[in-house]
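Below is one structure, written out as structure tokens; comments come after it.
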Amino acid sequence: MIQISRLSRTDWFGPLLATLIAITVIQGFNDNFLSPFNIQILLLAIAVNALVAFSQMIIIAIGQMNLSVGAIGGLAAISFVGAMEVWGLPAPLAVILALVIGVGCGVLNGALIRITGISAFVITLATLSIFKGINLGITEAQPFYGVPDSVKSFGAALLVGPIPWLAVPTVLVTVAMWFMLRRMPVGRFILAVGSNEHAAGLSGISVGATVIIAHAVSGLLAAIAGVLVVARLQIGQPSIGDDWLILSFAAPVIGGAILAGGHVSVTATLLGVVIVAIITQALVLFSIDPFLVQVVLGAMILAAVGLNKLRARQPVGKGSA
Amino acid sequence: MSEQKAIFEARGIEKAFPGVMALKGVNMTLMPGSIHALLGENGAGKSTLIKVITGVHLPSAGTLLLDGTETQFSSPRDAIAKGIGVVHQERNLFPRFSVAENIHLEQLAAGYLKPINYSALNEGARPWLEALDLDIDPATPVSELSVARMQLVEIAKALSLQSRVLLLDEPTASLTSSETERLFTILRRLRDGGTSLVFVSHKLEEVQEICDRVTVLRDGANACESRSMDGIGRHDLVQMMIGRAEGAAAWRHRDTTGQPEVLGLSDVSTSLGHKGVNLSVRKGEIVGLYGLVGAGRTELAKAIMGKFKVTAGKVQVNGKAVTIPNVASAIHDHGLGYISEDRKSEGLILQHSVLANAGVPIWRKLAGRFGALRDKRIHDAVLPYLQKLEVKTPSLNQTVANLSGGNQQKISVAKWLAAGVQFLIVDEPSVGIDIKTKAYLHELLRELADAGTAILVISSDMPEMIALADRIVVMDDYHITGEVTNSGVYDDISHAIMGLIHDAEEDSGAVVPLKEISV
Amino acid sequence: MTRHIQAIAMAAVLGTSAISAAQAAEDSLFALIPGGPHPYFSAWEQAGADAARDFGLAGAEYKVPQKWELAQQNQLLESLLSQGYNGFLIFPGDPVGAVSTAEELSSYGAQIIAGAGCYKDPSPAAFCLGTDTGNSAYIGTKELIKAMGDGEKRIAHFTGFLVDPNTQLRIDAVQRAADEEGATVVQVIADIDAPEPAEEKINAYLAAHADEVDGIVTTAWVPAVVAANALRKMGDSGIKMVGIDHDEVLIQAIKDGIVDGTMLQNPYGQGYIGSFALDRLRSGCTVKEDAPFGSNALTDKFIDSGTSYVDASNADSYLEAMRAETEKLLADFESTYLSCS
Amino acid sequence: MTIQDINSPPGATGGLSRTRFFLSNEFGLILLIIVFAVIFGLSARGFLSPFNLFTLGRNSAINIMIGLSMMTVIVTGGLNLAVGAMGVSAAMVCGWLIEGLGVPWPLAILGGLAFGAALGFINGWMVVRTGLHSFIITLATMSIFFGAMIFLTRAEAFRDLPAAFSAFGKMKFANYLSPLLLVTLAVAVALAWLYRATLTGREMLAAGASPAAAELSGIRVDRMVILCHMLSGGLAGLAALMLVARNGAAIPSMAGQLGQDWLLPAFLGPVLGGTLLQGGKVSVLGTVLGAFLVTMLSSGLLMLQVGAFWVQTFLGLMLLVAVLLDKARRSYLARRNLA
């Protein structure tokens with residue numbers, strides 16, 4: 060009994076329960092849900108969305124917000140394809156270029172926030188506009204089509220069974236994130252700064268460096284997500300990243316992240332992404348009136364978060380520790 | 016001992032903040048193998064001096080010497096590396112991190128990417144916990160500890176640095192007497208090992224017990240500089256701190272038995288776990304509610320105010336049974352008031368002005384047609400009380416956060432004076448308050464009671480209780496364990512009170528309920 | 533009141549011409565304004581430049597609102613008017629909501645033509661030069677049904693943003709065509725005019741229902757591209773598809789036999805002829821009362837800029853085909869629709 | 002620094018309050034507005050033409066109103082991501098009342114505003130009852146409100162509104178003043194009065210600054226939070242109705258997909274204007290000036306013809322420069338003051 064109550068207090072328990080219930084129910088109504096092809100489709104969606112969510116999660120961990128996640132991802136995506144199409148760079152070099160751009164954007168965010176002392180919300184609002192503007196300025200809203208076959212086949216290839224190659228970078232990133240936040244000083248510092256910036260400074264942590272590192276990681280993850288989207292869509296759409304913002308917050312928050320900072324969970328965030336993906340797909344599978352999709356999605360987010368809250372709520376007062 | 020060379024010296028330290036000169040050329044010399052008291056009233060500059068010494072603030076002028084050579088600390092990390100450790104007054108732990116990790120955070124900062132070995136970390140933390148007789152698993156998250164234990168972990172963290180100079184800013188504020196004794200044993204051991212310790216406390220008894228040298232600050236300057244404690248008595252210390260002799264008015268007997276009851280609780284239980292609480296406060300009476308931290312006193316106060324639910328029993332105001340649905344109703348409908356122990360988060364709205372803070376409870380009374388509020392009216396209504404309490408502020412538009420702790424406390428009292436409530440709960444009135452303000456506050460509470468206000472004072476400071484209360488009600492573990500009528504004789508009363516809670520303290524040992532944490 | 537406004541307009545024009553003396557007040561300075569950044573309209577840029585060169589205009593510039601947003605478009609139009617532009621080819625951000633701004637532009641003497649999409653009557657636009665979205669979807673669906681041949685005819689329809697009223701017209705048109713041919717529309721997926729949701733939803737749908745669908749019709753740019761890619765990925769699925777517009781991916785898929793065809797619209801022609809007509813209107817021509825306008829759900833002054841169905845047989849030469857269509861329309865445009873004194 | 006000082010009346014004039022004004026966000030914004038106005042006036046043709054000034058006023062009227070709507074929730078330390086969705090829903094209700102039920106338009110406007118406030122009540126009530134951050138609640142209700150609106154209207158606009166609407170939107174006073182701007186300014190003045198000199202406004206600020214302290218001082222914090230959200234809903238509805246007047250129709254797409262297009266103007270005004278995101282401090286004038294500055298910047302950039310696709314980059318850069326300049330100015334003044 061103690062085991063279960065302990066388990067139920069972890070961040071990932073609620074989302075996991077919700078995921079399992081959702082899978083069971085949907086599978087019960089529609090046999091195709093767990094078909095290999097459908098699992099593959101789900102994994103493709105999750106692969107990208109998880110990176111987007113992590114990109115925001117790391118900033119939530121330091122108690123800030125990064126509104127420019129989508130703009131960085133979009134910029135990295137079109138730089139990736141643009142470099143291959145216009146300059147003829149080989150794909151691996153173009154990937155590196157895109158990631159460097161992502162990190163650069165992140166460092167810029169972090170440095171501006173740190174040097175000016177202006178809230179991250181305002182800075183990333185401005186850089187959102189700048190990054191997106193550069194994207195539009197370069198592309199003039201036209202997609203780049205010059206995606207080489209190697210990238211296309213990577214985007215379409217399967218590793219084992221229904222598991223696409225695209226999921227591999229995401230799995231690696233997930234493990235790395237978990238390791239960083241659990242086992243590496245830099246991850247602990249990020250959480251410490253998010254929990255109490257003042258105390259972190261007094262404990263000898265360089266708050267400035269930590270904030271900049273967190274933003275660099277965020278930029279890197281957004282850039283990886285951008286590159287993966289290109290591999291998946293097989294074109295360099297300038298609009299990549301435009302609708303990442305809501306998802307990027309929804310998943311960590313469903314996963315129990317505290318917006319004030321200091322507490323995030325990689326596993327629960329991943330499950331948050333899974334839940335959103337399942338819901339989105341279920342709405343299509345059940346042929347729900349397209350006009351109602353948004354309503355259901357909003358209600359589902361509310362329900363998931365509410366469930367989480369209910370679980371986390373403990374009796375107040377005497378004896379609660 | 017006098018032959019030894021100073022391990023650390025601060026010379027002519029000045030520190031200016033916008034609008035304030037916090038330190039005006041302060042000197043302090045620290046000797047190895049000594050415990051050095053740093054005293055002063057709130058706002059005298061103790062904490063600022065500590066922050067300069069530990070690299071949090073850069074001094075505007077003056078020099079710091081380590082082993083006789085001039086040095087500069089660019090950051091707290093730099094100071095730590097040079098052997099200066101500190102336990103700050105405010106809590107600096109990360110609640111979700113384990114005890115071991117909190118203790119070792121400084122060491123981890125050496126490498127950003129080197130994976131953490133948690134078992135080594137736990138092993139490394141154990142000796143320091145054992146040194147403090149702390150029987151906790153180093154892997155426990157700090158959030159699961161009691162306040163007192165958090166304080167001890169913080170000290171363990173400082174010890175683990177094995178600093179040559181260790182500064183402790185009010186380390187005993189939330190410790191029980193036995194925990195304090197244990198701490199002192201360790202401090203003495205460190206001293207004997209050659210460490211130079213700086214001890215800051217408002218409790219002069221403790222200072223006299225453990226310190227051998229003393230520096231006193233007054234208004235950002237030295238009132239006495241690094242002299243031996245030999246031959247200095249309590250009165251001398253007080254005189255140096257406040258610039259004149261201590262003049263606390265003594266307890267006097269007041270008879271209020273004939274007065275009508277203002278607040279009465281009979282068999283009250285609350286949603287927080289209070290059971291069968293009986294309490295009665297008469298007009299003009301000061302009733303003390305004594306208990307240790309975690310006994311459920313603040314919670315009872317908040318339940319009376321309508322913040323938490325009363326689940327059983329009867330609450331009477333002026334003899335009439337009432338149900339108080341929320342705090343607003345308690346204040347506006349029943350004339351009850353509550354001065355929180357936690358000024359910064361519950362007592363005051365720090366980012367608002369003095370005027371706004373002092374006026375909150377009377378806004379409703381002063382609002383005119385369409386709810387219009389005029390600053391002039393609020394100003395006129397609160398000014399007399401602010402003046403009476405000698406609040407020092409450049410203007411009433413000053414943000415409260417910029418004022419000293421003592422002035423903040425005065426404002427949080429003044430707003431209830433202005434509100435003119437008939438029943439006032441005062442929770443830990445003298446936490447973080449200097450001697451002068453404390454004495455003044457006591458006098459004020461007596462005056463208020465004489466004028467007819469019923470007062471419930473919550474305190475875990477026995478001398479304060481005995482100086483103030485007419486009757487003392489003792490609470491332990493969410494129960495009222497008994498009542499003592501105050502005779503003003505310290506030894507008798509303290510014995511009686513300790514007798515009422517002694518047994519309970521013995522067996523509650525391990526986990527103290529944790530409702531009074533304020534983060 | 534009108535005199536008043538004219539005076540202001542004069543003052544504005546004079547003021548601006550004083551600043552840039554290079555620009556004579558008589559010159560025709562046109563702007564071609566899409567609803568927002570979208571690849572469909574990119575042909576307008578070349579069309580405007582060509583028209584400016586061919587007809588001696590001071591300029592016919594392609595100006596794009598930063599976002600697909602009515603407010604952005606309005607702001608851009610207002611700004612361009614203040615800068616002295618005097619003719620506009622506009623894709624209305626909303627058929628009704630955009631009328632108000634158009635009236636303002638027109639009250640300052642600017643000429644307006646609706647391009648690619650129409651204003652709802654009454655509006656100050658001289659006419660609407662575009663593709664009948666409903667009709668295009670209708671023809672596309674008919675072609676799809678033809679391609680599906682005999683057997684079951686279950687159609688999935690992928691389309692754009694629900695907030696775009698054209699989307700409802702398209703949904704209705706596809707339904708109508710299906711009803712006429714005895715086919716059924718088994719699924720409509722909307723709100724997928726952005727690549728990622730399109731990718732996610734279309735793939736999810738095909739994953740679950742690929743064996744319950746015989747044909748796909750797409751009536752928005754992005755879903756067409758994504759669906760073409762999805763079919764390519766699935767290999768031999770037996771699903772027929774008709775797309776829309778001329779994205780490279782789609783054209784390639786047609787050449788490769790994965791997609792059966794696409795409904796081409798004629799953005800270049802809209803831009804080129806639109807600029808020409810604006811210039812004629814400015815030099816005193818008026819729209820003929822009895823011109824042979826078509827009509828659609830929004831307006832009775834509709835001119836079809838040409839729709840054509842492209843399949844594998846003409847996928848290589850569709851550009852020439854559209855140019856020829858444009859030439860043909862231009863040849864007797866003035867005599868058919870305008871009366872010039 | 003002595004006790005005598007507090008005898009001077011509140012808001013006393015003199016050196017202190019004057020420096021305080023120069024240190025304020027509002028002054029910084031006024032400075033920036035003047036600087037940019039001069040730059041644009043000299044370099045962009047047509048910027049100072051009456052029509053451009055008219056449209057500038059009209060556009061900023063709507064942006065300011067959106068900013069004010071967000072501001073009222075920021076006061077509580079929360080955010081309202083659903084401003085757009087609520088505004089559009091309110092406008093659609095107003096359109097439906099007129100076209101569907103034949104309600105006279107003044108009543109319909111009131112109905113729309115009330116509906117906006119009702120949606121705000123839902124947000125506020127959920128925030129209070131669940132204890133979740135308003136960010137999450139409004140993230141979900143944004144989807145729900147907008148989705149329900151799209152579902153019920155089938156994305157069809159209400160287009161046959163009385164001519165009074167669009168006439169109001171196109172009306173000009175003295176050639177370049179839009180009545181919409183007057184509406185906005187009136188609302189701004191009312192809000193300034195609310196926060197400065199009424200019980201409700203003061204209690205809202207106190208509840209936002211420190212909920213715990215406010216509650217123990219006798220303020221019904223939960224009611225205040227709900228009230229702030231209702232106010233936000235009402236103002237969002239008003240902003241949407243102003244857009245209806247401007248467009249002559251109630252269009253579901255007027256705030257973009259899910260109403261997200263409003264988010265940028267909604268945040269820019271209050272944030273530039275010095276309203277604290279933590280809550281408890283508000284600057285109505287700052288919000289007005291901030292929203293105006295942003296509207297002017299984007300209008301000026303269009304005028305300068307920097308190339309349509311680069312406008313967004315320049316807008317972002319200028320915002321950054323504006324914020325940095327302001328920061329630099331204030332720290333310079335603070336330093337000089339200290340010396």
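Protein chains in written order, with our numbering: chain A, 60 to 380; chain B, 16 to 534; chain C, 533 to 873; chain D, 2 to 340. No residue lacks a Cβ here, since even glycine has one placed at the ideal position from N, Cα and C.
Partner residues in the beta bridge of H494(B), as assigned by DSSP, are D491(B). A residue is called buried once 16 or more other Cβ atoms fall within 10 Å of its Cβ, and K172(B) is buried on that count. Chain A has no Cβ within less than 7 Å of the Cβ of P597(C).
When the Cα atoms are used, I776(C) and A164(D) turn out to be separated by approximately 38 Å. Listed by position along chain D, the residues whose Cβ is nearer than 8 Å to that of N417(B) form an empty set, because the closest Cβ is around 12 Å away.
Taken in chain order, the unbroken stretches of alpha helix (DSSP H) that lie wholly in the region 186-270 of chain B and span 4 residues or more are 192-207, 219-225 and 249-257.
The three-state reading of DSSP puts P223(A) in strand, counting E and B together. With a threshold of 7 Å between beta carbons, Q607(C) makes contact with chain D.
Per the coordinates, the alpha-carbon of S75(B) lies some 52 Å from the alpha-carbon of S502(B). Taken atom to atom, the span from the alpha-carbon of L38(B) to that of G309(B) is near 37 Å. Y196(D) and L202(B) have their C-alpha atoms roughly 53 Å apart. Apart from the 5 residues on each side of it in sequence, V337(B) sits with its Cβ closer than 8 Å to the Cβ of V330, Q331 and H349 in its chain, given in chain order. Within the region 272-284 of chain D, those residues whose Cβ lies closer than 7 Å to any Cβ of chain B are, in chain order, G281 and K282. Here the C-alpha atom of M236(A) lies approximately 15 Å from the C-alpha atom of V332(A). Q261(D) has a beta carbon lying at 7 Å or more from every beta carbon in chain C.
Here I197(A) carries a helix assignment [DSSP, helix/strand/coil].
Bounds of the beta strand (DSSP E) holding S281(B) are E276 to T285. Runs of the beta strand (DSSP E) lying entirely within the region 327-358 of chain B and spanning at least 3 residues, in chain order: 351-354.
Residue pairing from DSSP places I835(C) in a beta bridge opposite L661(C). With fewer than 16 neighbouring CB atoms inside 10 Å of its own CB, N132(B) falls in the exposed class. In this structure, the beta-carbon distance from F293(D) to S614(C) does not fall below 7 Å.
Fewer than three pairs of CB atoms, one per stretch, sit closer than 8 Å, so the region 334-346 of chain A makes no contact with the region 121-129 of chain D. Legend: CB atoms of the region 173-188 of chain A lying less than 9 Å from CB atoms of chain D belong to residues T175, G176, I177, S178, F180, V181, I182, L184, A185, T186, L187 and S188.
Per DSSP, Y651(C) lies in no beta strand (DSSP E) segment and is marked neither H nor E. Taking E479(B) as the centre and dropping the five residues before and after it, the same chain places the C-beta of S445 closer than 7 Å to its C-beta, in chain order. With respect to the C-alpha of D82(B), the residue from L219(B), L45(B), G321(B) and M255(B) having the closest C-alpha is L45(B). For H570(C), the neighbours in chain A by C-beta distance under 9 Å run, in chain order, A200. Rounded to whole angstroms, the separation of the alpha carbons of P340(B) and V375(B) is 20 Å. C872(C) counts as exposed, since fewer than 16 other C-beta atoms from the protein chains shown sit within 10 angstroms of its C-beta. In this structure N293(B) touches I495(B) by the C-beta definition: roughly 6 Å separates them, less than 8 Å. In terms of Cβ geometry, G580(C) and G803(C) form a close pair [threshold 7 Å].
With a threshold of 7 Å between beta carbons, P311(A) makes no contact with chain B.
The Cβ neighbour count for M172(D), taken over all protein chains shown within 10 Å, is under 16; the residue is labelled exposed. With contacts defined as CB atoms closer than 7 Å, V84(D) and M205(D) fail to qualify as a contacting pair.
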